[in-house]
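Using the UniProt record's numbering, the first residue of the sequence shown is number 1, and each one after it goes up by one. Data first, discussion second: the structure below is written as structure tokens.
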Amino acid sequence: MLNGGTARGSAARFRMGSLLELTDSPAADKKMTLMHYLCKVLACKSPYHLHFHKDFVHLEAASKIQLKPLAEEMQTIIQGLEKVKQELAASENDGPVSEISHKTLKEFIGAAQTEVSSVTNLYSVVGRNADACILYFGEDPAKYSFQQVTATLVSFVRSFEKAHEENCKQGFKKERVECLTQAADL
């Protein structure tokens, strides 16, 4: 929750774009960005979470999924199958001349309908899961695409890792050891 219960506001969520602004926003001391500060706090208070990106092993691949072209291709396949069905219906009146092609088309349509149905169901599940992911991150699926969510997360993870590496290079690693030592004493 952002600004929840503060004098500045009572925002109940954040926007995905806000994640990317952490690298540009200075922290209170103006010596580091909010992303660097976030990494520093995590290193001190919850070092296990510094490696959250390992839970996102498929994020990069997921960011390349484009649902709209998939939907368009699926519609093209469905329309093509309908044309084949029309051809089958037209060949029924051709008599013995088209008997072999009629039989072949009928077998093809039976198999193709099963495959098209399977792909349609799979696409439906993917669409629902993509919408659920968008909603999970507080965005509206009508305004924010799955690709935008995953691309934002990929950028955030990269920025987070870079900030953490920079913190380590600047001596925050020593502070992390001190924090862990203090935490162990508690």
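Built from N, CA and C at the ideal position, the CB exists for glycine as well.
With 16 other Cβ atoms within 10 Å as the buried cut-off, status of PHE52: Around the C-beta of PHE52, fewer than 16 other C-beta atoms lie within 10 Å, and the residue is accordingly described as exposed.
- request: Determine contact between the region 116-131 and the region 26-40, defined as no fewer than three beta-carbon pairs at a distance below 8 Å.
  value: No: fewer than three Cβ pairs fall under 8 Å.
query: If you run the structure through DSSP and keep just helix, strand and coil, what is ALA112?
result: If DSSP states are grouped into helix, strand and coil, ALA112 belongs with the helices.
- prompt: Quick one: Cα of GLY110 to Cα of SER98, how far?
  reply: Whole-angstrom Cα-Cα distance: 18 Å.
query: Counting along the chain, where does the alpha helix (DSSP H) carrying LEU88 start and finish?
result: Counting along the chain, the alpha helix (DSSP H) containing LEU88 begins and ends at 67-91.
field: Beta-carbon proximity check, LYS45 vs ASN167, cutoff 8 Å
entry: LYS45 is not a Cβ neighbour of ASN167, given a cutoff of 8 Å.
query: Taking buried to mean at least 16 other C-beta atoms within 10 Å of its own C-beta, is ILE65 buried or exposed?
result: So ILE65 counts as exposed.
- request: Evaluate SER159 with the Cβ neighbour count: other Cβ atoms within 10 Å of its Cβ, from every protein chain shown; 16 or more gives buried, anything less gives exposed.
  value: So SER159 ends up on the buried side.
Spatial neighbours of SER63 in its chain, beta-carbon cut-off 7 Å, leaving aside the 5 residues before and after: Around SER63, the same chain offers GLN147, THR150, ALA151, VAL154 as residues with beta carbons nearer than 7 Å, after the five sequence neighbours per side are excluded.
- prompt: Considering only C-alpha positions, which residue in the set GLU21, GLN170, TYR48 is nearest to MET35?
  reply: Cα-wise, what sits closest to MET35 is GLU21.
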